[in-house]
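When you line the sequence shown up against the working numbering, it's residues 2 to 491, in that order. Presented below is the structure to which this report refers.
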Amino acid sequence: MLKVKRVGIAAILVASIWFLSASASSQTKTREVAETVNPAEEVNRFDSEISNAQKNQVNVLAPISFGKAEKYLNDAKEAWAGGDEISEILEDITSGRIQLQRAEEMAQVARTTLPSVIKARELARAAGATSLGKDYVKAEKQFLKLTKAIEKNDLKYAQNNRDKVGAAFDQLEVRAIKEQKLGEARKLIDQAEEEGAKKLAPQTLEIAEQKLKDAGVFITEHRYEREKIQQKSSEALFQAERLLEVTRQSKKIKEIEPEEISLWVEGILSKTASTLSAPDMRNESFDTQRENILGSISALQEDKQFLASQDKAHVEEIESLKQQIALLEGKTKEEQAAIERLEKEKRFNELFNEVTGYFSAGEAEVYKQGNRLIIRLRAIQFPVGQSIIMPDNYGLLSKVQRAIRTFGEPEVVIEGHTDTAESEEVSEHLSQERAESVRKYLVANQTLPEDKIVAVGYGSKRPLASNETEMGRAINRRIDVVISPTPQAG
C-alpha cells in the first residue's frame with residue numbers, strides 16, 4: 002500500500018512539473034493571442050471551474066492549492082474590472098488553473114488516503130452537525146489539518162490521525178440526530194400535549210409517541226446503520242409536526258358548525274381547482290372534486306413534458322435551417338462564424354430584456370456578466386437557520402423557471418450566500434443546503450434535466466455589502482441564479 006501511495010505522489014509531482022513548464026511556454030504566447038480572446042468569457046469560465054471544484058469538495062480536500070487558485074481568480078476579476086491589459090488577466094487565469102489542477106490532484110490523494118473520514122464528515126453534515134457550534138468547528142479544523150498535511154506530503158500525520166478525526170465526526174452525527182431531530186420531535190409532542198392533544202388528537206398522539214420511541218431505541222441498538230437512523234428520525238419528526246397541526250385543526254373544527262366545516266373543505270378544493278383552471282365541480286362529491294384536481298395536475302405534467310420535447314425539436318430544426326442557408330449563400334467558414342456570433346449576441350440581448358421584464362425591482366435584480374445572465378433573488382426568504390422553501394417563494398421561483406426556459410436548456414448554477422452571523426463552516430453548509438433546496442425545486446418541476454443544474458454554497462466568502470450593518474447583512478443573504486446559455490439558445 003505504501004508503495005502505491007509513493008507512486009501516486011510521484012505521479013503528481015511529475016504532472017505538476019509538466020503543467021508548470023507548459024504554463025511557462027504558454028505565457029510567452031499570451032500576448033500574441035490576447036487580441037483574439039474575450040477576457041470576460043475567460044474569467045467566467047474559470048469562475049465556473051472554481052465553482053465545480055468547490056461542489057466536489059476540492060476546497061477542503063486540498064485547501065492550500067485551492068486557496069491559491071481562488072486568489073488568482075480574484076486577481077483576474079480585479080484586473081478585468083480595472084481595465085488592465087488582457088495579457089495580465091490571462092496570466093492570472095493560467096496561473097490559477099495550474100493551482101486548481103494541483104488542487105484536483107491532491108484532492109484525489111486525500112480521497113484515497115481518507116475515505117472513511119470523508120464519509121464520516123459527509124454523514125455528520127447531512128445530519129445537521131454544523132449546528133453544533135464549536136464542537137463541529139473543532140472537528141472541521143482537525144479535518145483540514147489532515148488534508149493540509151497531505152498537500153505538504155506528510156502522509157504519516159494523515160494516516161496516524163485519520164481514525165481519531167473520523168470518530169469525532171461519527172459522534173457528532175449521532176449527537177446531531179438525537180439533539181436536532183429527536184429533540185425537536187420531543188418538544189413538538191410536549192407542545193401538542195399542552196394544547197390538548199390527549200383529548201383532541203389521541204390517535205395521532207399515539208402514533209407520534211411510538212415513532213419517537215422507535216427511533217430512540219434504534220439509534221441506541223444500531224449505531225452504524227446510518228441510513229435507517231436518518232429514516233426513522235425523520236419519520237419521528239414528521240409525525241410530531243403532524244400531531245401539532247392535527248391538534249390545532251381539531252381544536253378549530255370543534256368550535257365550527259358542520260355546514261361551516263363542509264364549506265371550508267369545499268373552499269380548499271374549489272380554490273385549488275380554480276388555480277389549475279379545472280372545471281367548477283362544487284355540485285359533485287368531495288371525492289369527485291379531488292379526482293378533478295389530480296387529473297388536472299397529471300394533464301399539466303404531461304403537457305409540460307410535451308412542450309419541452311417540442312422546444313428542443315424546434316431549436317434543432319432552426320439550427321439545421323441556419324446551416325443550410327449559410328451553405329446556399331456560399332459563405333466562408335469565417336464569415337459564417339462572424340454572422341453566428343453577431344446573431345448570438347443579438348439574441349442574448351433580446352432574451353436578457355425579456356427576462357428582465359419577468360421580475361419587479363423588489364423581487365430580483367437581473368444583469369449580464371460576459372456571456373452569462375445573473376438573477377439575484379432579492380425576495381426569496383428562508384426560515385432562520387433552515388433551508389426549507391416556503392410556499393411564499395413559489396411565485397418567485399415560478400418566474401425563475403420561466404426565465405431559465407427562455408434560454409432553452411442552458412447550464413445553470415444556483416449560488417447560495419450568507420452573512421457572517423455564524424462560523425464560516427456553518428455558513429458554507431447552510432448556503433449549500435439552501436442552494437440545493439432551490440436546485441431540487443427546479444428539478445422536481447422539470448425546469449431542466451438534473452445534470453444541467455448545479456448548486457454551490459459560498460457561505461460568506463462573496464459579500465456584496467458590509468456585514469457591519471443589518472442592511473448589509475440582509476443584502477449578503479441571497480440566492481443567485483447563474484444562467485449560461487448553450488450555443489443553440491444564444
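Cβ coordinates follow ideal geometry from the N, Cα and C atoms, glycine included. In this text, all values refer to a predicted model and were calculated from it rather than measured experimentally.
Contact annotation, I381 with I480: C-beta distance approximately 5 Å; criterion of less than 8 Å satisfied. Between the segment 255-264 and the segment 211-226, the count of C-beta pairs closer than 8 Å stays below three; the two stretches do not touch. One alpha carbon belongs to N468, the other to A70, and they sit about 25 Å apart. Contact between the segment 161-179 and the segment 128-138 is present, with at least three C-beta pairs closer than 8 Å. Taking E267 as the centre and dropping the five residues before and after it, the same chain places the C-beta of R283, F287, Q290 closer than 8 Å to its C-beta, in chain order.
A residue is called buried once 16 or more other Cβ atoms fall within 10 Å of its Cβ, and H418 is buried on that count.
Across the set I230, R122, I476, the C-alpha of R122 shows the shortest separation from the C-alpha of K142. Here the C-alpha atom of V444 lies approximately 38 Å from the C-alpha atom of K252.
Sequence-distant partners of V118 (beyond 5 residues in either direction) whose C-beta falls short of 6 Å from its own C-beta, in its chain, are R163, V166, G167. DSSP places H223 in the coil class of the three-state scheme, outside both helix and strand. Under DSSP, R377 takes part in a beta bridge, and its partners are E366, D481. The residue among A108, E105, E42, Q102 with its C-alpha nearest the C-alpha of A77 is E42. Secondary structure note for G458: its beta strand (DSSP E) is the uninterrupted segment 454-458. With a cutoff of 8 Å on beta-carbon distance, K149 and P64 are scored as near each other. Rounded to whole angstroms, G197 and M472 show a C-alpha spacing of 42 Å.
G460 is a Cβ neighbour of E429, given a cutoff of 8 Å. Judged by DSSP in its simplified three-state form, G417 adopts strand. Annotation: Y442 to R379 spans about 18 Å, alpha carbon to alpha carbon.
By the C-beta density criterion, W265 is exposed, having fewer than 16 other C-beta atoms within 10 angstroms. Annotated three-state conformation of E410 is coil, per DSSP. A82 is not a Cβ neighbour of E89, given a cutoff of 8 Å. If you look at L201, you'll find it in the alpha helix (DSSP H) that goes 198-201. Under the three-pair Cβ rule at 8 Å, the segment 131-139 counts as touching the segment 422-439. About 6 Å separates the beta carbon of Y359 from that of R403, a gap short enough to meet the 8 Å contact definition.
Residues Q402 of the same chain have their beta carbon placed closer than 7 Å to that of N446, with the five preceding and five following residues left out of the count. The C-alpha of K56 lies about 20 Å from the C-alpha of L147. Nearest in C-alpha terms to L206, of all of I298, L244, D191, is L244. Between I476 and L465, the alpha-carbon positions lie close to 7 Å from each other.
Shown here, E246 sits in a helix according to DSSP, grouped into three states. Look at F67 here: in three-state DSSP terms it is helix. Put simply, the backbone Cα of L189 is about 52 Å away from that of I99. Rounded to the nearest whole angstrom, the CA to CA distance from L91 to P40 is 7 Å. For A168, the uninterrupted alpha helix (DSSP H) run begins and ends at 156-177, by DSSP. One thing to note: A111 has its Cβ within 8 Å of the Cβ of L62. Ranked by how close their Cα comes to the Cα of T357, the residues Y368, L145, I269, G458 have Y368 in first place.
Between the C-alpha atoms of A274 and L115 there is a straight-line separation of about 54 Å.
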